[in-house]
Structures are given as structure tokens and as C-alpha cells.
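Chains as they are written, first to last, in our numbering: chain C, 3 to 386; chain S, 560 to 958.
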């Protein structure tokens with residue numbers, strides 16, 4: 003540590019150059035942070051998925067409905083603890099741009115299936131007592147300034163009421179919070195019994211089921227048993243672990259992982275070149291000084307350490323500042339205004355970013371360090 | 560008269576000097592060129608995704624093509640029309656007529672779960688049930704392999720893009736629709752349009768398989784003349800028996816693609832913009848070191864009577880030259896690697912897959928070069944000022 007002032011004053015020698023290098027590293031890590039957040043927003047469902055939950059949908063198409071009677075049949079399958087259903091309502095609040103999901107559910111089963119949604123006991127009671135009651139996640143409640151007791155009109159092009167009206171009015175009886183930061187609290191849930199009675203289509207139809215298995219290790223087998231149970235029936239099903247389902251959804255968008263990594267690759271390669279070049283220049287200019295250091299008894303190892311410490315210092319400072327800035331940007335919320343509701347940088351990406359900044363420091367310092375090590379004292383001093 | 564010419568000669572000779580000395584600063588010049596190439600490559604390739612998507616969605620749709628949906632529906636998926644509705648619609652004035660009556664096809668649009676070739680996971684493949692007129696309404700559509708499906712038969716034909724993007728889509732294999740396996744009997748092309756991602760069959764057969772009774776989702780039609788649109792639209796929207804919305808198909812498809820293109824463009828410009836900031840710092844570094852390496856030459860030139868202006872301009876020209884090389888390189892890379900690259904994504908608005916090709920257009924390449932030039936000019940400006948302000952006497956004393 004006693005050599006720190008020496009490293010520091012080397013960095014200060016050309017303040018402008020150090021500053022520009024620092025800024026370009028910073029920009030690279032801001033990008034890294036934001037791309038991680040985008041990737042997380044697009045694939046977030048995968049890490050959020052419950053390990054003990056399966057999703058069961060119609061085998062041919064997810065727009066085809068399943069009978070409500072499947073619940074009882076599924077719950078008789080060994081290994082299944084609970085089955086509950088949801089249906090895509092596809093409603094719009096005021097403007098199609100205000101996208102959030104609204105689904106009819108059976109309150110008790112639903113809350114038991116998703117312990118990550120936290121609703122107070124009294125709000126739960128109010129939901130039981132209000133047929134047209136709905137609960138909404140904190141995020142959407144805040145966005146539209148909804149309070150308990152508000153009546154919220156929602157239009158849906160898919161489900162007409164018996165009188166032909168396509169506007170459904172719900173009473174907000176509860177606002178739920180998420181257990182984790184990554185829990186999506188943008189949806190609204192209302193009562194299936196009300197929905198089933200009021201809509202114009204056939205009774206007793208649901209969109210898809212969520213099934214909780216007793217032991218997460220058996221989920222693959224249970225999924226097979228469920229598929230088998232409904233083989234050759236009117237509506238065959240496809241059961242999958244929730245994570246696989248979420249992965250499938252992410253894949254629908256195309257290969258997000260590949261696109262993100264190739265952009266990051268391009269960015270890092272660019273930054274590596276810029277910084278590497280600057281570092282090499284800085285060492286070249288100091289050839290004479292390094293020769294003097296060696297002449298007065300510094301070992302090769304120490305000289306190499308100086309050069310590497312300098313490059314790592316600048317890379318890590320840039321990395322930390324960049325990630326910090328990205329974190330600040332990400333915490334101000336979704337930049338697309340609703341399309342990426344879960345916009346944040348996961349902790350794993352922050353750690354990875356720090357790791358990358360160290361690697362960047364080592365990689366850019368490597369050649370200049372090698373050069374410094376091989377330096378012959380006599381040659382170096384002659385150049386002074 | 561001699562003034563300006565002299566000045567140009569000065570600029571030219573100082574610039575020549577600078578450019579000839581680039582090989583001595585290979586490393587740093589290369590770093591700045593590659594940095595700028597990276598920005599342009601990312602910018603152009605990401606934006607080419609949006610252009611390609613948009614071209615597929617709304618390209619080459621004739622002005623006389625119209626679509627009728629239930630009012631309030633902003634996509635086919637959530638629209639619904641009954642048989643009496645579609646009958647009233649086909650009777651409306653303005654349609655072109657073929658041998659079998661008005662060129663209007665009532666269609667059903669659903670999605671089916673089939674695996675995507677690249678990932679092996681299931682995706683929402685769009686499937687369309689059509690009536691006979693569909694092939695006259697979309698006159699660019701032709702079966703390129705096999706034959707058309709038979710009316711009243713459980714048979715399908717698939718678009719060329721669907722055949723390449725989704726697994727198991729070849730003539731002779733079958734796909735599961737409803738409770739049965741339906742054979743694929745043909746492959747069709749549709750002039751690069753979004754229909755090429757779809758699976759087509761007879762609307763009546765699809766109604767049965769999806770328990771849709773006798774209902775449809777949209778009517779696609781061809782007008783006698785593009786000018787008949789307003790009259791046609793008014794006739795339908797003022798009909799008290801109907802509650803529909805009428806759009807030109809080109810406008811409708813354009814609207815279907817806005818969400819996706821907007822998202823890609825925003826992300827692309829954001830990412831490339833940040834990279835550009837980084838590359839500008841790189842360019843600044845390069846030019847600052849170029850100027851400091853040439854302190855003596857510049858001072859000598861100034862002592863010989865070369866003006867400040869010509870020094871500034873020449874440093875900026877040098878930076879611009881490096882940036883343009885970077886820009887061309889980046890554009891070329893994007894073109895070579897991505898132009899025509901086939902991929903597919905989910906269109907949020909239709910809730911189903913659309914296959915498209917990256918489209919690196921000349922406009923995008925120009926845009927990339929403009930970005931490169933901007934980076935070069937910004938990166939050259941401050942170092943140029945420093946070069947011009949060099950105190951001649953002290954710089955020469957260093958000799």
C-alpha cells in the first residue's frame with residue numbers, strides 16, 4: 003500500500019487522458035448495467051418462477067379454454083397439492099398504452115398458490131364480501147392513484163357481459179404488495195364466480211391452471227401424469243414447470259440472450275481497445291522512469307505490479323461508477339413506459355460487472371506490464 | 560485572390576502531414592477507428608431489425624386492400640364477427656368483383672403452439688382460416704411448392720417463413736389442429752409479407768377445430784379502386800346493423816408493428832448512443848496524443864507562417880478521416896453479418912410470431928456514417944484547439 007501515492011501520481015500525470023479513459027470505462031459499465039436490466043425485464047419470469055408450480059394450458063393453443071371441472075381431476079393426481087385457474091381478460095384501462103394484466107381467480111386458492119402476493123387479512127375479508135371486488139398490485143395502484151373503495155371501469159374486447167356491454171366495473175377492495183423486489187405487482191385480480199356468471203360465453207371455462215406439487219423434485223413426473231390424464235379428451239393439455247413456461251415466453255421474443263451478449267461483446271471489445279491503447283501509451287512514455295526504478299533495485303515483479311495496479315485501479319473506479327450510475331437510472335423505472343414492468347439490475351449482474359471491471363484492468367495492463375518487465379535497464383535509461 | 564487559395568493549400572499540406580504520420584500512431588489510430596466501427600455496427604444492425612420488421616409487416620400492401628374488424632378491436636385476435644355481419648360487409652359497395660362475387664374473404668385468426676426451430680421451445684404460430692376470395696384479395700400470394708389445401712378438407716399450407724422458422728413444417732408432415740393431425744400439403748410465398756409466417760386452411764374447417772361456431776374475426780377485401788375507400792367505409796360504419804371499424808390494410812399493419820419497431824429503435828439508439836459517448840472519448844484521446852506527438856511540427860509550421868485556422872481544420876479533417884474509415888467499416892460489418900438474416904419474434908399486438916429479415920437499407924448506412932462523422936468532429940475539435948493554441952516559442956525551444 004505504501005506505493006499507492008506513486009500509482010496515484012502516475013494517474014494524475016496526464017489528468018485529461020486519465021479522465022477520458024475513466025469516462026469511456028464508465029460508459030461501458032452503464033451499458034452493461036442497463037442491458038442486464040433489460041435482459042432481466044424480458045426474462046425475469048424465469049427467476050421468479052416457483053419451483054413447485056406447474057402451468058397447465060391447452061395443448062393446441064393457449065387461446066383455447068379448458069373446462070373448470072379439470073381442477074378436481076388434477077387434484078386427484080398423486081403428487082398434486084393444489085390446482086387453481088386464471089383466465090386472460092385482456093382489458094384496457096382508459097388507453098391501450100396502460101397495459102397491465104387483469105385475471106379472474108378464485109380468491110382463497112389463488113392467494114394460497116401465490117404466497118409472494120401479500121394482502122392484509124381485512125382486505126382479504128373485504129374481497130370475500132364484495133362480489134365485484136378486485137385486488138390490485140401496488141405498482142398499478144400507485145400509477146393510477148387508485149385507493150380502496152374506488153370503482154374502476156375496464157373495457158375488454160374479448161369478454162362481453164350478458165347485456166352486451168364490454169365495460170366491467172370493479173370495486174378495489176385490496177392492494178397487494180410483493181414479498182420480494184422481483185415480485186411483479188402490476189396485475190389486477192377479480193373474482194371468478196362473478197366473471198363466470200356475468201359474461202356472455204359458455205359457463206365453467208377457464209384459461210389455464212397453476213398446479214402446486216407436493217415435492218418440487220417430482221414436478222416433471224407430475225407434469226407427465228397430468229398430460230396423460232387428459233389425453234384423447236375434448237381438451238388435451240400441456241403441463242410444464244413455471245420456469246420452463248417463462249423461458250418459452252422469453253424465447254418467443256427471439257434469442258434475447260444472444261443479442262444482449264453480442265452487443266456487450268462489441269462494447270467491451272471497443273472499450274478494451276481504447277483503454278489498452280491508452281495504458282500502453284502511458285507506459286511507453288515512462289520507459290525511462292521504469293528503468294530508473296529497476297536500476298535502484300525494484301524487482302521485475304514490483305514493476306509489473308505497478309503497471310497492473312494502475313490499470314486495475316482505473317478500470318475498477320470506472321466500473322464502480324458506471325454500475326452505480328446504471329443502478330440510479332434503472333431505479334427511476336421502466337424507460338419504455340409500461341412494456342418492461344420489472345426494470346431493475348439484479349444483484350448477480352452487479353457482482354458480475356465488478357468482476358468484469360477487474361478482468362478489464364488486468365487485460366489492458368497485461369501487455370504494457372510485459373513490456374515493462376522485459377525492459378533492460380541500460381536501454382531504458384539511455385532513452386531519458 | 561491569392562488569400563483563399565493559399566489558405567486551402569496550407570490546410571491541404573498540414574492535413575497531408577497529419578495523415579501521413581498516422582502509421583506512426585497505428586495503435587491509437589486503430590483503437591479510435593475500431594471504436595467508431597463498433598458504434599456504427601451496433602447502431603446499424605439493431606436498427607436494421609426494426610426496418611426489416613416494419614418492411615415485413617407493412618411493405619408491399621396495395622392501396623386497394625382493406626380490412627374490417629369489430630369496432631374497438633385493435634388486433635384480429637380480439638375481434639369477432641358473426642356470419643350475418645360478414646354477409647352484410649361483403650355486400651357493401653366498393654369491393655372489386657371476381658367471377659364468384661365480391662373480393663372479400665371472411666377470416667379466422669388463431670394461434671397454435673408449435674416448436675421454434677432455433678430454440679426448440681413452443682411459440683405462438685399464427686394460423687388463418689380463409690375463404691376462396693382470399694387468394695384473389697392477396698394476389699401476390701402463390702403456392703411455390705406442393706398444392707393448395709382442398710376446400711372442406713383438414714389440410715393446411717404454410718408460408719415460406721413459417722417453414723423455415725418453425726420445426727416440422729414440410730410437405731408431408733402433419734400438425735395438430737384441434738383434436739386431429741392435419742397434413743401440410745403446400746408452401747406459399749406472399750411477396751415477403753407477414754402472411755409468410757402463417758399457416759393457412761379453410762375457414763370452415765378451422766371454425767370446427769376451434770369451436771368457433773359460425774363466427775369470424777376479420778374480413779379482408781380488395782376495392783374496385785383505391786378511391787372507393789371513403790364511400791366503402793362510410794357505408795359500413797353508418798350501417799345501424801353493424802358495429803365495425805374499417806381500415807386500409809396498409810394502415811392497419813403499420814399500426815400493428817409500431818410497438819415493436821418503437822421498442823427496437825429506442826433500445827438501439829440508447830445503446831448505440833452510450834457507445835458513441837465512449838467512442839468519442841476514444842477519439843479525443845487519439846487526437847490529443849496525435850497533437851502532442853506533433854507539437855514540434857505544428858510549432859515549426861506556425862513559425863513558418865501557417866495560420867491557426869489551417870491547423871484547426873487539418874486536425875479536424877484528420878479526425879474526420881479516421882472516423883469515416885471507422886464508420887464505413889462498421890456499416891460494412893453490419894451489412895455483411897446481418898443484412899437478410901432471418902429471424903422471428905413475437906409481435907405483441909397480434910400475440911403471435913412474425914418472421915422477418917434484418918434489412919440494412921442505404922438510409923441506415925448513411926445514418927451510421929453521419930454518426931461516425933459527428934463522433935470524429937467532436938473528438939477532433941478540442942485537440943484541434945489545443946494544437947492551434949500551442950505557444951510557438953516554448954514548443955520550439957523543446958527541439
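In this text, a Cβ means the ideal position worked out from N, Cα and C, and glycines have one as well. It should be emphasised that the depicted structure is a prediction, and the values quoted were computed from it without experimental measurement.
Is any beta-carbon of chain A found at less than 9 Å from that of residue i?
| i | result |
| --- | --- |
| residue 98/C | Checking the listed chains, one finds no chain A in this structure; the protein chains it contains are C and S. |
Starting from the Cα of residue i, find the closest Cα among the options and give me that residue.
| i | options | result |
| --- | --- | --- |
| residue 767/S | 313/C, 201/C, 236/C | 236/C |
| residue 871/S | 632/S, 946/S, 891/S, 786/S | 946/S |
| residue 194/C | 107/C, 273/C, 267/C, 53/C | 107/C |
| residue 669/S | 924/S, 955/S, 909/S | 909/S |
| residue 360/C | 318/C, 87/C, 74/C, 280/C | 318/C |
| residue 624/S | 607/S, 664/S, 605/S | 664/S |
| residue 322/C | 353/C, 94/C, 345/C | 353/C |
| residue 867/S | 949/S, 734/S, 714/S, 723/S | 949/S |
| residue 722/S | 847/S, 702/S, 709/S, 698/S | 702/S |
| residue 577/S | 682/S, 828/S, 855/S | 855/S |
For residue i, count neighbouring Cβ atoms within 10 angstroms of its own Cβ and tell me buried if that reaches 16, exposed if not.
| i | result |
| --- | --- |
| residue 28/C | buried |
| residue 929/S | exposed |
| residue 877/S | buried |
| residue 175/C | buried |
| residue 59/C | buried |
| residue 243/C | buried |
| residue 16/C | buried |
| residue 372/C | exposed |
| residue 925/S | exposed |
| residue 53/C | exposed |
| residue 582/S | exposed |
| residue 192/C | buried |
| residue 652/S | exposed |
| residue 217/C | exposed |
| residue 286/C | exposed |
Taking a contact to mean a Cβ-Cβ separation below 9 Å, would you say residue i touches residue j in this structure?
| i | j | result |
| --- | --- | --- |
| residue 161/C | residue 112/C | no |
| residue 667/S | residue 769/S | yes |
| residue 688/S | residue 633/S | no |
| residue 954/S | residue 823/S | no |
| residue 630/S | residue 780/S | no |
| residue 835/S | residue 268/C | no |
| residue 370/C | residue 276/C | no |
| residue 618/S | residue 751/S | yes |
| residue 711/S | residue 916/S | no |
| residue 590/S | residue 839/S | no |
| residue 588/S | residue 892/S | no |
| residue 115/C | residue 189/C | no |
| residue 627/S | residue 777/S | yes |
| residue 62/C | residue 228/C | no |
Excluding the five sequence neighbours on either side, which residues of its own chain have a C-beta within less than 6 Å of the C-beta of residue i, listed in chain order?
| i | result |
| --- | --- |
| residue 885/S | 592, 595, 596, 931 |
| residue 77/C | 85 |
| residue 888/S | 596 |
| residue 320/C | 24, 27, 28 |
| residue 327/C | 32 |
| residue 569/S | 865, 869 |
In chain order, what residues of the same chain have a beta carbon less than 7 Å from the beta carbon of residue i, not counting five sequence neighbours either side?
| i | result |
| --- | --- |
| residue 381/C | none |
| residue 305/C | 292, 295, 296, 374, 375 |
| residue 574/S | 873, 876, 877 |
| residue 680/S | 674 |
| residue 647/S | 798, 800, 801 |
I'd like the list of long-range same chain contacts for residue i, defined as Cβ closer than 8 Å, with 5 residues on each side in sequence excluded.
| i | result |
| --- | --- |
| residue 37/C | 262, 265, 266 |
| residue 140/C | 177, 178, 179, 180, 187 |
| residue 660/S | 649, 692 |
| residue 312/C | 9, 12, 13, 281, 284, 367 |
| residue 676/S | 723, 724, 725, 726 |
Is residue i near the ligand HEM, going by C-beta to nearest heavy atom under 8 Å?
| i | result |
| --- | --- |
| residue 916/S | The model on display carries no ligand, and the ligand HEM is accordingly not part of it. |
**OP:** Anything in the segment 258-274 of chain C with a Cβ closer than 8 Å to a Cβ of chain S? List those residues in chain order, please.
**Re:** Hits within the stretch, in order: 265, 268, 269, 271, 272, 273.
Original post:
When you check each C-beta in the segment 162-191 of chain C against every C-beta of chain S, which residues fall closer than 8 Å?
Top reply: Of all residues in the segment 162-191 of chain C, 168 have a Cβ within less than 8 Å of some Cβ in chain S.
Original post:
Using a beta-carbon distance cut-off of less than 7 Å, what residues from the segment 273-288 of chain C approach chain S?
Top reply: Listed by position along the chain: 273, 275, 276, 279, 280, 282, 283.
**OP:** With 7 Å as the limit, tell me which residues of the segment 584-602 of chain S have their beta carbon closer than that to any beta carbon of chain C; keep them in chain order.
**Re:** Here the close residues are 586, 587, 590, 593, 594, 597, 600, 601.
**OP:** Using a Cβ-Cβ cut-off of less than 7 Å, give me the residues of the segment 140-161 of chain C that come near chain S, in sequence order.
**Re:** So the close ones are 159, 160.
**OP:** Could you please tell me which residues of the segment 846-859 of chain S, in chain order, have their CB closer than 8 Å to any CB of chain C?
**Re:** Listed by position, the residues of the segment 846-859 of chain S near chain C (Cβ gap below 8 Å) are 847, 848.
Subject >> Contacting positions in the segment 629-656 of chain S - beta carbon closer than 9 Å to chain C >> reply: Of all residues in the segment 629-656 of chain S, 629, 631, 632, 633, 634, 636, 637, 638, 639 have a Cβ within less than 9 Å of some Cβ in chain C.
Subject >> Cβ-based contacts, 9 Å cut-off: residues of the segment 732-752 of chain S near chain C >> reply: Cβ contacts with chain C: 735, 736, 737, 738.
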